[in-house]
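Number of protein chains: 2
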Amino acid sequence: MPQTYNYNFPHPAVTTDIVLFTVRDGALNLLLVRRARAPFAGAWALPGGFVRPQEDLDTCALRELREETGIRDVYLEQLYTFGDPDRDPRERVITVAYYALVASDGLELRASTDAEAAQWHAFDALPKLAFDHARIVRLAHERLAAKSRYSTLAFQFLPRDFTLNELQAVYETILQKPIDNRNFRKWIRDTGVVSDTGEVRRGMRHRPARLYRASHTDGVAILR
Amino acid sequence: MPQTYNYNFPHPAVTTDIVLFTVRDGALNLLLVRRARAPFAGAWALPGGFVRPQEDLDTCALRELREETGIRDVYLEQLYTFGDPDRDPRERVITVAYYALVASDGLELRASTDAEAAQWHAFDALPKLAFDHARIVRLAHERLAAKSRYSTLAFQFLPRDFTLNELQAVYETILQKPIDNRNFRKWIRDTGVVSDTGEVRRGMRHRPARLYRASHTDGVAILR
DNA sequence: CCAAAAGTGTTGTTTATACACCCATGT
DNA sequence: ACATGGGTGTATAAACAACACTTTTGG
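Below, the structure is given as structure tokens:
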């Protein structure tokens with residue numbers, strides 16, 4: 000006989016959903032999982048799931064990401080809480096949405112043999128999404144673009160060491176517009192958020208690029 | 000026999016809490032209610048309460064404000080969701096925090112005879128607050144100050160018609176620092192967010208001040 | 001020597017800051 | 001007439017935007 004949990008007034012279910020971004024081959028991508036069960040069986044959805052009784056919201060988001068995609072060590076930030084009474088046809092489900100950023104280099108998705116496989120999708124060619132997830136994705140992207148303008152958020156898409164042109168390419172991808180590279184280099188250097196490692200990246204068939212890394216140890220610095 | 004609500008996995012309770020700001024006599028104030036029941040009986044707390052099954056989160060916040068304080072027609076915006084498993088000693092309670100702004104002129108609090116009276120408190124002389132409400136208040140104030148710099152949020156503290164010096168005083172209150180008034184007037188006029196009503200405020204024992212009102216019909220405009 | 005990306009300065013424009021006096025009214 | 005807050009301009013500094021050529025490497 001299954002255990003039940005009883006309350007003397009109605010309680011909604013609470014989930015976290017995560018919009019995980021990365022930049023791969025110069026395109027903004029995000030991670031979706033294919034739903035195995037109804038509702039929206041077979042549709043693509045954001046990774047996420049129910050909050051456990053003794054679990055912090057951030058912890059829940061990280062756990063769900065790890066369980067559904069095998070990915071850990073992401074930059075994670077709360078986005079917004081969606082609580083439309085009818086957003087899930089089964090029962091009242093309030094979702095605390097997060098967005099997360101991860102560098103794509105050396106990133107392995109969990110073996111994707113089963114039906115609940117996680118896959119990267121190009122941001123500008125997304126499939127139809129389950130629930131109100133399209134709305135969540137839209138808001139996450141707005142926040143990503145807005146916050147990139149005044150913080151080092153975008154650094155999270157790159158490995159520890161990177162060239163300034165790689166960083167610029169990330170900004171161009173996020174903001175969806177070209178940036179003047181002299182102005183970009185001046186800006187990024189004047190803010191003091193990168194330090195020259197002294198190393199260069201060789202082996203390309205052109206002039207080697209200096210390697211930089213973020214000056215701040217971890218997290219995201221706010222500029223201006 | 001009381002009705003119970005049964006689920007086959009644990010569900011947290013969900014509340015909304017509202018940090019309602021106003022500016023009264025040149026000071027930033029916020030509305031607190033005194034708790035009648037345990038936990039924290041007798042302590043001051045943010046107005047708020049449980050989300051009903053068929054109720055949107057925003058609607059819940061507005062309803063709780065109305066019920067506990069009699070106040071309606073506020074500017075309301077979601078702030079952050081707090082879900083520390085131990086933030087409420089009774090059971091797991093996740094709260095979706097909001098902040099709200101209201102003009103203080105002609106504002107009547109609900110009759111405050113009972114123990115659950117709502118009262119305005121000066122922001123820089125707040126009593127100890129119940130739960131994690133002090134943390135919520137701190138975040139709300141940071142957001143208020145930050146967003147005032149690039150939006151017309153602060154207009155919400157004033158009635159429809161106002162003088163530029165009244166508006167400046169509101170900004171000085173929020174930002175906690177003096178502003179040069181020639182620069183302020185230039186800024187606010189160049190952004191085009193106010194229009195001259197042609198009216199003036201007379202009866203003061205000094206030169207009458209021109210009255211302005213927000214150019215945008217309602218809501219908050221983003222500048223820059 | 002060629003292709004490819006790395007790297008570098010100057011100028012004009014816009015935006016932010018600092019600062020002090022006259023004006024219109026009510027009493 | 002005087003006290004009170006309302007109202008105005010200019011000069012300097014800082015931030016931002018536009019723009020094109022030289023350098024270094026690998027093949």
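The listed protein sequences correspond, in order, to chains D and E. Start counting the first sequence at 0; every next residue gets the next number (numbering that gives the first Met the number 0). Start counting the second sequence at 0; every next residue gets the next number (numbering that gives the first Met the number 0). Glycine included, each C-beta is placed from N, C-alpha and C at the ideal position. Quick caveat: nothing in here was measured; it's all calculated off a predicted structure.
Asked                                                                                                                                                             : Found
Does the CB of E:Phe130 have a neighbour CB from chain D at under 8 Å?                                                                                            : no
Comparing C-alpha positions only, which one of D:Arg181, D:Phe154, D:Ala40 and D:Leu210 sits nearest to D:Gly197?                                                 : D:Leu210
Would a C-beta distance cut-off of 8 Å place D:Phe81 and D:Asp131 closer than the cut-off?                                                                        : yes
Report the residue from E:Pro9, E:Asn5, E:Asp57 and E:Tyr4 whose alpha carbon sits nearest the alpha carbon of E:Thr15.                                           : E:Asp57
For the ligand SAM, any of its heavy atoms closer than 7 Å to the Cβ of D:Glu107?                                                                                 : As presented, the structure is devoid of all ligands, the ligand SAM included, so that no description of it is given.
Note down, one range per segment and in chain order, each alpha helix (DSSP H) of at least 4 residues found wholly within the stretch 63-88 of chain D.           : none
Which term fits D:Thr21, buried or exposed, when burial requires 16 or more other beta carbons within 10 angstroms of its beta carbon?                            : buried
For the candidate residues D:Ala40, D:Arg188 and D:Leu78, whose alpha-carbon lies nearest to that of D:Glu141?                                                    : D:Leu78
Kindly identify the DSSP beta-bridge partner or partners of D:Gln118.                                                                                             : D:Leu31
When the Cα atoms are used, what is the spatial distance from D:Trp119 to D:Leu61?                                                                                : 18 Å
Could you round the C-beta distance between D:Thr162 and D:Ala26 to whole angstroms and report it? I think they count as a contact, below 8 Å.                    : That pair is no contact at about 19 Å.
Can you give the Cα-Cα distance for E:Pro126 and E:Ala133, rounded to whole angstroms?                                                                            : 9 Å
Whose C-beta lies closer than 7 Å to the C-beta of E:Arg34 among residues of the same chain, with five residues either side of it excluded?                       : Ala40, Gly41, Ala42, Ala44 and Ala129
How would you call D:Thr112, buried or exposed, if buried means at least 16 neighbouring beta carbons within 10 angstroms?                                        : In this prediction, D:Thr112 scores a pLDDT of 48, lower than 50, which makes its location untrustworthy; the coordinate-derived value is nonetheless stated afterwards. By the neighbour-count rule (16 or more Cβ atoms within 10 Å), D:Thr112 is not buried but exposed.
DSSP three-state label for E:Asp195, please.                                                                                                                      : strand
Beta-carbon within less than 7 Å of E:Ile221's beta-carbon, same chain only, minus the 5 sequence neighbours each way: which residues are those?                  : Tyr149 and Ser150
Applying the criterion that 16 or more other CB atoms from any shown protein chain within 10 Å of the CB defines a buried residue, is E:Leu108 buried or exposed? : exposed
Out of D:Cys59, D:Ala102, D:Trp186 and D:Lys185, point me to the one whose CA is closest to D:Gly48's CA.                                                         : D:Cys59
Taking D:Gly191 as the reference, which of D:Asn7, D:Ser214, D:Glu90 and D:Ala102 has the closest Cα?                                                             : D:Ser214
Quick one: Cα of E:Gly202 to Cα of E:Asn164, how far?                                                                                                             : 16 Å
Taking the alpha carbon of E:Ala124 as the point to measure from, which residue in E:Asn28, E:Asn7 and E:Phe8 has its own alpha carbon closest?                   : E:Asn28
Looking at E:Val169: is its Cβ nearer than 8 Å to the Cβ of E:Phe156?                                                                                             : yes
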